[in-house]
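Below is one structure; the comments refer to it alone.
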Amino acid sequence: MLRAAVGVLLLLGNTLYPRAQAANFKIAVVLPGETTADPTRRTVVQFVRFVLNWTLPILNQRLAAPAGHTFTLDYHDSLLTSRATVRESLIAAQSGAVAAIGEWFSSNTIPMSYAMSHYGIFLCSGSATSEDLSDKTLHSKFFRTITSDSYQGNVFSHALLHFGWEQFNLLVVNNVYGISVAKVIQADIQTRNVTIAAQYTQAFADPAEVRTTVADLAKSPSRIVFMAVHMEQAYAIMAEAFAQGFDSSWVWIASEPSSNIAAMLAEQTSPAAMPDRTYAASLRKFFEGMLVVWPEELAVGDATFNDWVQLYRATVGDSKILNFNYHLFSQTCLEAHMRAILKLDQTYGTNAVLRRTTNANLEEYLVSFNSSTGPVVYTDRGDRKGFFQFLNMQGSKLVPAMSIDSQFRISPLPGRDAAFFREHDRDLAMAARGSSST
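Numbering (mature numbering (1 follows the signal peptide of the UniProt record, and there is no 0)), first residue to last: -22 to -1, 1 to 416.
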């Protein structure tokens, strides 16, 4: 009788608190496919997928195997459109995904977040930075391993103070991303002795529109230009400025989507694309000194970052991991999901995780850890707390030159050349080497 009672209690206990059982957890990846038309973006997307595939067995061995589980990736092509992103998200959800990574742009990630939250699926992005995604009343299952637009806007505002710039020009792409960054900058400078000399908010898609804007920009009393635009637009603006005779007294600062602009510059000034080699060389020189505000993807000096780089070089044999392609932010999304799902598995049981019936909130889901991009710590809105860097175009390549910590203190990176600007701009170069901002 006693044995029977104990058996019933054990059965009841296992029903209420199911023990972990071997399972395969599927993580959907909804990103642009490898057939993306733009060659620069296609290269980036291909490498993101390569890094995810390279990382998965390593993390399976380190994290999942000890718990008796495995993880697989389920790829879906977003086509860089909201319609395809939502369609593929629904397919992934109905195919049993327990978590998702995506999409590339904030404008596509926002509807994807709505779709995934309906199925109780947590979504992580390593590239979508819109402030709208921080609203947890609308995006309760969303988090990111890249910092939000508010961080980026604040970084630029502090850079203005650090370098002693009292005026600047603001070029904004009129979509969710650009307007989000611009709002933060505009709000931040209201309490500082800084003014916007000229502001342009438009698509920057029509060459005639770009020509007109650049011609008007030439009349501005300020030579500081901040571009909250995408990479293709930043390139078009600067190339047009060169064509119109802008000199090297102009300082060009682009937001994070331009982290791969060096590759685009190389492509656009190749012999096939630009037969006039003298013009091509002069255009490349014009881009020298350009700055890009970039969330710290390459955590120089961090032990975990160094370990991942060494492992990559030992197993793959090249140094592409040291490019700025969002690949490490995406890799960090993968690890964040794996750690979170294993945590839910211990708390709610395997069946509840597979069926997406845990009803866990974001606070329960997220796990702080040290990643290839440095320490991963979140705000209560699921935004990544992180450092930034200034990337500087030197020798037609973007290289990290200065760091910005979580208190917005700006300082040269150890052993790095902090001469941001062209040699004859000595006053600006000295400012770049100056003390940290306060």
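Glycine included, every Cβ here is placed at the ideal spot set by N, Cα and C.
All of these numbers come straight from a predicted model, not from anything done at the bench.
How close, in whole Å, do the beta carbons of residue i and residue j come, if the pair is a contact with beta carbons under 8 Å?
i	j	result
residue 424	N303	As displayed, the chain neither begins before -22 nor continues past 416, which places residue 424 out of reach and without an answer.
V76	I99	7 Å
L57	A78	16 Å between Cβ atoms; not a contact.
A232	K375	So it is not a contact: roughly 15 Å between Cβ atoms.
W272	Q367	5 Å
Please confirm whether residue i and residue j have their CB atoms less than 8 Å apart.
i	j	result
L9	G80	yes
A175	F146	yes
S91	K119	yes
A277	G352	yes
F134	G360	no
T50	K114	no
V172	G131	no
E266	T18	no
L320	A42	yes
E274	F347	no
T293	S349	no
Give every residue of the same chain whose Cβ lies closer than 6 Å to the Cβ of residue i, excluding the five residues on either side of it in the sequence, and list them in chain order.
i	result
residue 441	Because residue 441 is not part of the residues shown, which for the chain are -22 to 416, the question remains open.
A160	V150, A206
V154	S84, S85, S108
Y53	V7
T14	R20, V23
S326	Just to set this straight, residue 326 is Tyr in the shown sequence, not Ser. Result list for Y326: T336, in chain order.
M268	W230, M371
Y356	L344
M316	L37, L41, F49
By a C-beta neighbour count over all protein chains shown, 10 Å radius and 16 as the cutoff for buried, is residue i buried or exposed?
i	result
P253	exposed
L148	buried
T33	buried
residue 417	Only positions -22 to 416 of the chain appear in the structure, and residue 417 is not among them; the question remains open.
residue 421	Outside the shown range of the chain, which is -22 to 416, sits residue 421, and nothing can be said about it.
T310	buried
G156	buried
H208	buried
E66	buried
V203	buried
E313	buried
S297	exposed
E144	exposed
P235	buried
L341	Checking the sequence, you will find Glu at residue 341 rather than Leu. Label assigned to E341: exposed.
D184	exposed
A410	Any reading at A410 must be qualified, since the residue scores a pLDDT of 38, below 50, and its modelled position is unreliable; the value itself is stated next. When all chains shown are included, A410 counts as buried.
S128	buried
Y257	exposed
At a cut-off of 7 Å, would you count residue i as near the ligand SAH, judging by its Cβ distance to the nearest heavy atom?
i	result
N152	Here there are no bound small molecules, and the ligand SAH is not part of this structure.
State the DSSP-derived secondary structure class of residue i, mapped to helix, strand or coil.
i	result
Y155	helix
D184	coil
W286	helix
T357	coil
L9	strand
A1	coil
A78	strand
Q367	strand
T63	helix
Y53	strand
G267	coil
A137	helix
Q177	strand
G131	helix
N337	coil
T325	helix
K114	coil
T18	helix
Q168	helix
Spatial neighbours of residue i within its chain, please: C-beta separation below 7 Å, excluding the five flanking residues on both sides.
i	result
V188	F182, A214, I215, E218
Q211	V151, F182
S105	W82, I124, Y304, F307
L261	A217, F220, T247
Excluding the 5 residues flanking residue i on each side, which residues of the same chain have their C-beta closer than 8 Å to its C-beta?
i	result
L332	A1, F3, G74, V76
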